[in-house]
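Chemist: Protein chains in written order, with the working numbering: chain A, 399 to 514; chain B, 27 to 136.
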């Protein structure tokens, strides 16, 4: 149980284009999902908290107009990187709380974005 | 400022030995602390959670200690195996959001 998937696993796009990344909870419902970014040899940095049916909450310094998050259902959250630039190249990972009382988060396998 | 610090240098040990990783934090008062494993190019995998009122927790070959006075957690892998080679992350959850340390890369040599 508690499986989270991401699609695509990797994507290469040209500068100025937009890219959508999907995060799905496969065997449970996730009211809340989280989006992280990880640069090489660095830790995961929380970008935003995605709540089903409401607007995402972004961390300080994360541009909400650049990183659009939609959590339309209890099993799907999407992150769209708009007008991507090479500095947006990173590893994007989502997670979901399986059981709030257990505090454990289950992570997707990540999406490697390369902007050329 | 708030910080979560782990040994940034990679830890290299021989198979069969015990690996000990350290996580120190400042300006947090966590109710619990978590440890995750991350393999290259993959998302983190939850390993253990220890609460503030627990001094020690074990799961198979893993042991975690939590000293809220020292503001430190130690993560031990006994009888280490090459398959244990990965980056290990500690994390706190102030306000319900996970904040990670930078991770310690462990390499277990046969």
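Note that CB positions come from ideal geometry on N, CA and C, so glycine has one too.
Enumerate, from N- to C-terminal direction, the unbroken beta strand (DSSP E) stretches of 3 or more residues contained entirely within the stretch 404 to 436 of chain A.
Modeler: Runs found: 408 to 411, 417 to 423 and 430 to 436.
Chemist: Classify residue 513 of chain A as buried or exposed, calling it buried when 16 or more other Cβ atoms lie within 10 Å of its own Cβ.
Modeler: Classification of residue 513 of chain A: buried, given that the 10 Å Cβ count is 16 or more.
Chemist: Evaluate contact between the stretch 86 to 101 of chain B and the stretch 451 to 469 of chain A, counting only Cβ atoms and requiring at least three cross-stretch pairs below 8 Å.
Modeler: As far as the Cβ criterion goes, the stretch 86 to 101 of chain B does not touch the stretch 451 to 469 of chain A, which means the pair count is below three.
Chemist: For residue 441 of chain A and chain B, any beta-carbon pair shorter than 8 Å?
Modeler: Output row for residue 441 of chain A: interface = yes.
Chemist: In whole angstroms, what is the alpha-carbon distance linking residue 113 of chain B and residue 453 of chain A?
Modeler: The alpha-carbon atoms of residue 113 of chain B and residue 453 of chain A are separated by roughly 33 Å.
Chemist: For residue 102 of chain B, list the residues DSSP reports as bridge partners.
Modeler: BP columns for residue 102 of chain B point to B:46 and B:89.
Chemist: Could you pull the DSSP bridge partners for residue 495 of chain A from this structure?
Modeler: Answer is A:503, bridged to residue 495 of chain A.
Chemist: Counting only beta-carbon atoms, is residue 427 of chain A nearer than 8 Å to chain B?
Modeler: Residue 427 of chain A does not count as touching chain B.
Chemist: Under 8 Å, CB to CB, which of the residues in the stretch 100 to 130 of chain B have a partner in chain A?
Modeler: Of all residues in the stretch 100 to 130 of chain B, 115, 119, 123, 124, 125, 126, 127, 128 and 129 have a Cβ within less than 8 Å of some Cβ in chain A.
Chemist: Whose C-beta lies closer than 8 Å to the C-beta of residue 416 of chain A among residues of the same chain, with five residues either side of it excluded?
Modeler: Here the set comprises 478, 479, 480, 481 and 482.
Chemist: Closer than 7 Å by C-beta to residue 442 of chain A: which residues in its own chain qualify, once you throw out the five before and the five after it? Chain order, please.
Modeler: Excluding positions up to five away in sequence, the list reads 434, 436 and 491.
Chemist: Taking the straight line between their C-alpha atoms, what separation do you get for residue 75 of chain B and residue 109 of chain B?
Modeler: For residue 75 of chain B and residue 109 of chain B, the distance between alpha carbons rounds to 21 Å.
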